[in-house]
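*Asks:* Dropping the structure in here first, questions after.
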Amino acid sequence: MTFLENYGLTKELMIILFIDITIAVLLLTLMRYLQGWTVKVNSRHELAENDNFAFGISTAGAVMALGIVLTGAITGEAAESYLVEAIGMSAYGLFGLVLIKLGRFLHDKIALNNIDKNALIIKGNVSVAIVDAAAVIATAIIIRSVLLWAEDLTVYTFIAIFSAFIISQLMLVLLTRGRENRYAKRNQGASMQDALAQGHTALAIRHSGYMLAMAFSFNAASHFIIFNPETYIANLIGWLVFSVVMLLSLSLLITLIKKLVLANINLCEEVEQQHNIGLAAVEMAISVSIAIILAALMA
């Protein structure tokens with residue numbers, strides 16, 4: 015028995031690890047270039063010559079999102095053969111990449127429908143880039159949870175994954191609309207999207223926290239909904255009902271916790287009017303922390 019075998023690393027397992035890592039690196043590289051191709055710019059030029067921080071943040075979000083999705087594709091169990099492992103990893107990885115790009119497209123056209131996100135990022139708008147990165151990472155967290163929830167590699171599995179993905183995008187839109195309405199009420203009808211377009215970084219950080227929190231809470235649904243690939247409607251209704259309940263519960267809980275943790279601080283004035291980035295970061299941390307704790311308790 016060799017040294018590696020003493021730690022459970024057999025030759026077969028090492029080859030499977032090599033296959034998975036190779037495919038992951040190829041997909042991550044593809045994602046980096048897709049960032050530029052999507053908006054018809056040279057990614058190297060934007061990152062290294064123009065020093066476009068916004069484009070860098072957006073690209074970082076996309077690469078991290080794909081990495082998160084790939085962890086859902088890697089189950090840790092050896093496949094029947096090296097070919098099956100390569101096909102499975104590639105299929106889940108490419109499907110995840112497509113869902114990430116689709117989620118980004120839907121978020122741009124529906125959630126951020128009043129601004130041209132890509133044009134603003136190319137111009138260097140860091141606030142919009144932060145929201146874009148957070149949205150794609152939130153989508154990836156959700157896709158990962160659904161990949162871990164689903165079983166086997168069949169057409170039914172991909173239908174189930176896509177159904178949960180659609181529900182998650184609906185939740186992101188509902189969350190954005192809710193945050194927009196609250197912002198408008200506190201700021202004489204002002205538009206949250208316009209504020210982001212004007213470079214309101216503190217607002218972007220706060221909103222990003224809510225999106226990430228929603229994604230982590232969405233993950234809890236996978237522990238309560240039993241996977242049945244052939245019952246499409248039941249899966250769809252299950253994810254929808256649980257997601258709405260979790261979104262409402264999380265919003266109420268975050269509001270309560272923030273009033274306790276950040277007592278005697280006017281969050282509206284500090285974050286929305288004075289652009290207090292530090293306080294917005296604390297809000298983001300609270301939102302994500304509450305969501306992670308809630309999801310862990312339900313696991």
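Start counting the sequence shown at 15; every next residue gets the next number (this note's numbering). By construction, the Cβ of each residue, glycine as well, lies at the ideal position given by its N, Cα and C atoms.
Exposed or buried, what is H214 when buried is set at 16 or more other beta-carbons lying within 10 Å of its beta-carbon?
*Replies:* That one is buried.
*Asks:* Measuring only between beta-carbons, confirm whether V302 sits less than 7 angstroms from chain B.
*Replies:* Of the protein chains in the structure, only one exists, and it is not chain B.
*Asks:* Would you call the segment 150-169 and the segment 226-237 touching, i.e. three or more CB-CB distances under 8 angstroms?
*Replies:* Result yes; three or more Cβ-Cβ pairs closer than 8 angstroms.
*Asks:* L254 to I247, Cα distance in whole Å?
*Replies:* The alpha-carbon atoms of L254 and I247 are separated by roughly 10 angstroms.
*Asks:* Classify Q49 as buried or exposed, calling it buried when 16 or more other Cβ atoms lie within 10 Å of its own Cβ.
*Replies:* It is buried - the Cβ of Q49 has at least 16 other Cβ atoms within 10 Å.
*Asks:* Measuring CA to CA, which of V53, R118, I33 and G192 is closest to G102?
*Replies:* When each option's Cα is compared against that of G102, the closest is I33.
*Asks:* Quick one: complete alpha helix (DSSP H) runs, 4+ long, within the segment 116-171?
*Replies:* DSSP runs (the alpha helix (DSSP H)) wholly in the segment 116-171: 131-136 and 140-163.
*Asks:* Going by the CB atoms, is the gap between I129 and A211 shorter than 7 angstroms?
*Replies:* Contact: yes.
*Asks:* Distance, Cα to Cα, T269 vs L188?
*Replies:* Using only the alpha carbons, I get a separation of about 17 angstroms.
*Asks:* Would R220 and V285 qualify as a contact pair, given that the criterion is a beta-carbon distance under 7 angstroms?
*Replies:* In contact: R220 and V285 (Cβ atoms closer than 7 angstroms).
*Asks:* Compare the C-alpha of S222 against each of L281, Q288 and M298 and name the closest.
*Replies:* Minimum Cα distance to S222 is reached at M298.
*Asks:* Take the Cβ of L311 as the centre, count every other Cβ of all protein chains shown within 10 Å, and call the residue buried at 16 or more, exposed below.
*Replies:* So L311 counts as exposed.
*Asks:* Have a look at S57 and V39 and give me their C-alpha separation to the nearest angstrom.
*Replies:* Rounded to the nearest angstrom, the two C-alpha atoms are 18 angstroms apart.
*Asks:* Exposed or buried, which one is E63 when buried takes at least 16 other CB atoms within 10 Å?
*Replies:* Flag for E63 reads exposed.
*Asks:* How is K54 classed by DSSP in three states: helix, strand or coil?
*Replies:* Of the three classes helix, strand and coil, the one that applies to K54 here is coil, per DSSP.
*Asks:* To the nearest angstrom, how far is it from the Cα of Q202 to the Cα of G192?
*Replies:* So the two alpha carbons sit approximately 16 angstroms from each other.
*Asks:* Check each candidate in L84, M225 and V259 and name the one with the smallest Cα separation from L41.
*Replies:* Comparing Cα-Cα distances from L41 to each of L84, M225 and V259, the minimum goes to L84.
*Asks:* Among the candidates I135, I300, N139 and L261, whose CA atom is the shortest distance from the CA of K273?
*Replies:* Selected option, being the one with the closest Cα: I300.
*Asks:* Using a Cβ-Cβ cutoff of less than 7 angstroms, which residues in the same chain neighbour A295 once the five nearest sequence positions on both sides are dropped?
*Replies:* So the list reads I219, once near-sequence residues are dropped.
*Asks:* For H221, name the three-state secondary structure that DSSP assigns.
*Replies:* The answer is helix: DSSP assigns H221 an H, G or I state.
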